[in-house]
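Novice: For the record, the sequence lines run as chains E and Y. Heads up: the first sequence begins at 0 in numbering that gives the first Met the number 0, then just goes up one per residue. Heads up: the second sequence begins at 0 in numbering that gives the first Met the number 0, then just goes up one per residue.
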Amino acid sequence: MSAQTLGTDAAQNPFDDGALADGHWHDAKHNRKGFFTDTSICIGCKACEVACKEWNHNPQDGTFELLGSSYDNTGSLGANTWRHVAFIEQDSERIEQARESGRKLVNLGMPTVRPRTDETSGAQPLDGALGAAAEGRTSAGLPTTPELGVDLLAPGALEPTDPDDFTGVDTTPPDTADFRWLMSSDVCKHCTHAGCLDVCPTGALFRTEFDTVVVQNDVCNGCGTCVAGCPFGVIERRDDGTINTPTDRDDRKAADMDVPDKGTANKCTLCYDRLVDGQEPACAQTCPTQSIKFGDRADMVDQAHERVAELHKKGLTEARLYGANPNDGVGGTGSVFLILDEPEVYGLPPDPRVPTKDLPKMYANAGIAALGMIAAAGLSFLGSRRS
Amino acid sequence: MSTSEYDSYRPPEPEGGRRKRRRGGRPGGGRGAGGRPGQGWKNRGADGNREMPMVEDVEFSSYYGRPIVKAPPWGNEIGLYLFLGGLAGGSSLLGLGAQLSDRPRLRIASRLTAMTATAVGGAALVADLGRPERFLNMMRVFKVSSPMSLGTWILSGFGVGSGVLTAIEVDRLTGEKVLPLGPLRRVLHALETPVAIESALFATPLAAYTGALLGDTAVPTWNAAGRNGLSYVFVASASMAAGGAGMALAPVRETGPARLLALTGAAGEMVAMERMKKGMHPAEVDPLEDGEPGRKLDRAEKLLIAGAIGTAVAEVGTRVFAKKMAPRAGTPGSGVLSAVAGAMGSVNGHAASGKRSWKTRAVLRGLSVVSGAALAAASAYTRFGVLEAGIESTKDPRHVVEPQRARLEERRAAGIIDDSITTGR
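(1) Among Y/100, Y/212 and Y/308, which residue has its Cα nearest to the Cα of residue 225 of chain E?
(2) State the Cα-Cα distance for the pair residue 135 of chain Y and residue 69 of chain Y, rounded to the nearest angstrom.
(3) Check whether the Cβ atoms of residue 284 of chain Y and residue 393 of chain Y lie closer than 8 Å to each other.
(4) So what does residue 182 of chain E bridge to, in DSSP terms?
(5) With a cut-off of 8 Å on the beta carbons, I'd call residue 303 of chain Y and residue 268 of chain Y a contact; round off their distance for me.
(6) If we cut at 8 Å on Cβ distances, does residue 128 of chain E have a partner in chain Y?
(7) Between the region 338 to 357 of chain E and the region 44 to 59 of chain E, can you find at least three pairs of beta-carbon atoms closer than 8 Å?
(8) If you draw a straight line from the alpha carbon of residue 38 of chain Y to that of residue 91 of chain E, how long is it in whole angstroms?
(9) Excluding the 5 residues flanking residue 65 of chain E on each side, which residues of the same chain have their C-beta closer than 6 Å to its C-beta?
(10) Report the option in E/39, E/272 and E/325 whose CA atom is closest to the CA atom of residue 309 of chain E.
(11) Would you call the CB atoms of residue 93 of chain Y and residue 105 of chain Y closer than 8 Å?
(12) For residue 290 of chain E, count the other beta carbons within 10 Å of its own beta carbon; 16 or more makes it buried, fewer makes it exposed. Which is it?
(13) According to the neighbour-count rule (16 or more other Cβ atoms, all chains shown, within 10 Å of its Cβ), is residue 372 of chain E buried or exposed?
(14) Looking at the C-beta of residue 313 of chain E, does it have a partner C-beta in chain Y at a distance below 8 Å?
(15) Since residue 183 of chain Y is in the alpha helix (DSSP H), which residue starts that stretch and which ends it?
(16) Could you check if residue 234 of chain E is buried or exposed, using at least 16 other CB atoms within 10 Å of its CB as the buried criterion?
(17) Between the Cα of residue 384 of chain Y and those of Y/81, Y/180, Y/2 and Y/312, spot the shortest distance and give me the residue it belongs to.
(18) Can you grab the Cα-Cα spacing for the pair residue 320 of chain Y / residue 89 of chain Y, in whole Å?
(19) Using the beta-carbon count (16 or more within 10 Å), is residue 26 of chain Y buried or exposed?
(20) Between the C-alpha atoms of residue 112 of chain Y and residue 402 of chain Y, what's the straight-line distance to the nearest angstrom?
(21) Considering only residues of the same chain and omitting the five flanking positions on each side of residue 11 of chain Y, which have a CB-CB separation below 7 Å?
(22) Mind checking which residues open and close the beta strand (DSSP E) that includes residue 285 of chain Y?
(23) Could you pull out every residue in the same chain whose Cβ sits closer than 6 Å to the Cβ of residue 197 of chain E, ignoring the five residues on either side in sequence?
(24) Taking DSSP as the reference, what is the three-state secondary structure of residue 190 of chain E?
(25) Whole-angstrom Cβ separation of residue 236 of chain Y and residue 324 of chain E, contact assumed at under 8 Å?
(26) Locate the beta strand (DSSP E) running through residue 321 of chain E, then write down its first and last residues.
(27) Please name the residues in the region 265 to 289 of chain Y whose beta-carbon is closer than 7 Å to at least one beta-carbon of chain E, in chain order.
(28) Under 8 Å between C-beta atoms, does residue 344 of chain E make it to chain Y?
(29) Can you list, in chain order, the residues of the region 346 to 361 of chain E whose Cβ is nearer than 9 Å to any Cβ on chain Y?
(30) Measuring only between beta-carbons, confirm whether residue 380 of chain Y sits less than 8 Å from chain E.
(31) Assuming residue 211 of chain E contacts residue 331 of chain E under a Cβ cut-off of 8 Å, what Cβ separation, rounded to an integer in Å, is found between them?
(32) If you drop the 5 nearest sequence neighbours on each side, which residues of the same chain put their C-beta closer than 8 Å to that of residue 83 of chain Y?
(33) Express the C-alpha separation of residue 382 of chain Y and residue 373 of chain Y in angstroms, rounding to a whole number.
(34) For a test of your reading of the model: does the CB of residue 210 of chain E fall under 7 Å from any non-hydrogen atom of the ligand ATP? Yes or no.
(35) Under 8 Å Cβ-Cβ, which residues of chain Y neighbour residue 62 of chain E?
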């Protein structure tokens, strides 16, 4: 559901339970804001991580150890890490799997999408060792390296006459047939139905006029309920300023530093302080490839749909959207992602559901249980009446 | 193939290679990524030929095996509170019943237990906050969508009633002389029944809401447990704990209801736990059975069975020897000393009902104390076990991904294809 439709729905039907339950603003002057993180053009520079840390004065995370997970030494999102770039290295088999699972996803109840056409029509044979290697691979039935379309080493190739004319350039993300690197900048999803917000007992978490979810650190008393309420494992209580990375050792300690908002829950605010001043979030502004896009959530979703269609047209059926569906377990996310494999590969849950959805049933259970307990106590006294 | 003198040390070659390990045995559960032929390197050395990779093979792709959801920062304080909250709720019910059925020792013991448990439990809750000095911020809002918020109000409502009842009991125990109440004393004592009822009204929600509190999370084991009746387990556990505490602290001839409540609770917990586990995905049940939480729940079950048998024997014994247990005609009022002695659980003060009977009574009393303590301990182990199992379940992404994949596939198989967070277009 886009911000506009959400607004009009609410105007027509003030008892739209989804909106009411989550405290969405109905007469906000702003449209719902959000990110579209297009991981197909992420280069893994981590500028977003740095910009986020700088702007939000987030303390050190971990003990600067190498985590042994490709170039990811940050670990995960947490109290002090509000942008986290994941690095995944995949071989040809995994690429083919991702492509296949993506194709299945596209074909769910729909006409089939053809596999990449540029392969079936036959790529130009490559010369030399590269060509031999490519031919050697064909026995495994693997896709061949897509043509670049332009010879970058040819004189003048890097100075196109018309800078806007990219028709001749193959903009397929740089993947080879037998290896690829997935890089994805993860962030708080700013869910339509936010678990953290629902379960917060102090009202420290609130829905802003931009339809984002923000913690008031001067109100939060650090009860930790929101940490358990988030189906994406985003929000966390800032205890000592460091996360426990897998390689923590006794002889490495985080440096002494000034840790703001200690003992309270912390997470991405979608740079609320910048938004109220008409700025865009630090990560989006700094992203050199515009992998992180920021804007009205409706526009972001539209762009996401266009981009995924574009990639599918090129045969990259592994491309899929994450969070763009208003019918999913969290009502769609404010931060929409384009990912190139199953969500769990990136450490994202494959079918997240806001726990509050189960709450009415749980309250009913608790009510029956409570009545049962009264009955048990009453019967116990009746059963041991003294004559 | 070369041979060497060390070959005999090798374990025999497995037939047909290493078998794929399947833990979540539900169709459509895992994605089965671990056993593919291409992942052979993960299985290298399985025959003992060389060093094996130390990382467990996984049934699905994960991000370096890192957790997907985070465990809340809830430590032993919360486990203690889960136990004490239930104990307080159940004890308050026993207290009201004891008041209405004229069982003064049980009444005093239950009310003091309820107050102590409430105070310690509340303190534990505050201690577990990141900013304990801000605990009153809980009272800023009343939020139905937050079981923690509801629980705060339930605990507060319960605590008020419990506090007044405790004041009344303390005033009585001190011969209505020590507390400087003046004319308010009559008001205070007139409030006893209404306040006892108020307290009892909050008592069962206090015992039951913690099921929703743990259930209303993204922690896989808790959420699945909550959807499958964790509240039933918890109220049963609370009944058992309160019954056990009553048995341990009040004289045998007054604790008939406590024994029955404890037995009902024990049976209820066994049944509810079994049913709960049946409804959960295997990957969500595992943390309840493996590791330290599994050991705690195992201990809980053993203590529960032992305590229940002891309680049943005590109940039968009390009924068989009913005459010996009967108080002397004209039971004295609640004198300070005898009341305190009764509340403290010492052997019945009016021991004049016959020399032959004191042995019987002592045996039954001893059995009652031991069984009651065992049942209360079983309840505590259950709470700690469930709490820790949930925290454990966040550590391995398997517990998150497998059930989610399974329910997604289930919906897709049922033709529902419009509610996935991952979309192809």
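By construction, the Cβ of each residue, glycine as well, lies at the ideal position given by its N, Cα and C atoms.
Specialist: Reading it off the structure:
(1) Y/212
(2) 26 Å
(3) no
(4) E/86
(5) 7 Å
(6) In this predicted model, residue 128 of chain E has a pLDDT of only 41, less than 50, meaning its place in the structure is not dependable; the value taken from the coordinates is given anyway. It does not: the Cβ of residue 128 of chain E has no partner Cβ on chain Y nearer than 8 Å.
(7) no
(8) Confidence at residue 38 of chain Y is low in this model, with a pLDDT of 42, below 50, so the placement of that residue should be treated as unreliable; the coordinate-derived value is given next. Rounded to the nearest angstrom, the two C-alpha atoms are 12 Å apart.
(9) 72
(10) E/39
(11) yes
(12) buried
(13) buried
(14) no
(15) 183 to 189
(16) buried
(17) Y/81
(18) 28 Å
(19) Low confidence applies to residue 26 of chain Y: its pLDDT is 35, below 50, so where it sits in the model is not reliable, and the reading given next is rough at best. The residue is exposed, with fewer than 16 neighbouring Cβ atoms inside 10 Å.
(20) 41 Å
(21) none
(22) That residue, residue 285 of chain Y, is in no beta strand (DSSP E); its alpha helix (DSSP H) goes 281 to 288.
(23) 355
(24) strand
(25) No, residue 236 of chain Y and residue 324 of chain E are not in contact; Cβ-Cβ is about 40 Å, not under 8 Å.
(26) 319 to 321
(27) none
(28) yes
(29) 346, 347, 348, 349, 350, 351, 352, 353, 354, 355, 357, 358, 360 and 361
(30) no
(31) Not quite, the Cβ-Cβ distance comes to about 13 Å (not below 8 Å), so this is no contact.
(32) 116, 117, 119, 120 and 123
(33) 14 Å
(34) Absence of the ligand ATP from the depicted structure is noted, as is the absence of any ligand whatsoever, leaving it without description.
(35) Within 8 Å Cβ-Cβ: nothing; residue 62 of chain E doesn't reach chain Y, min ~17 Å.
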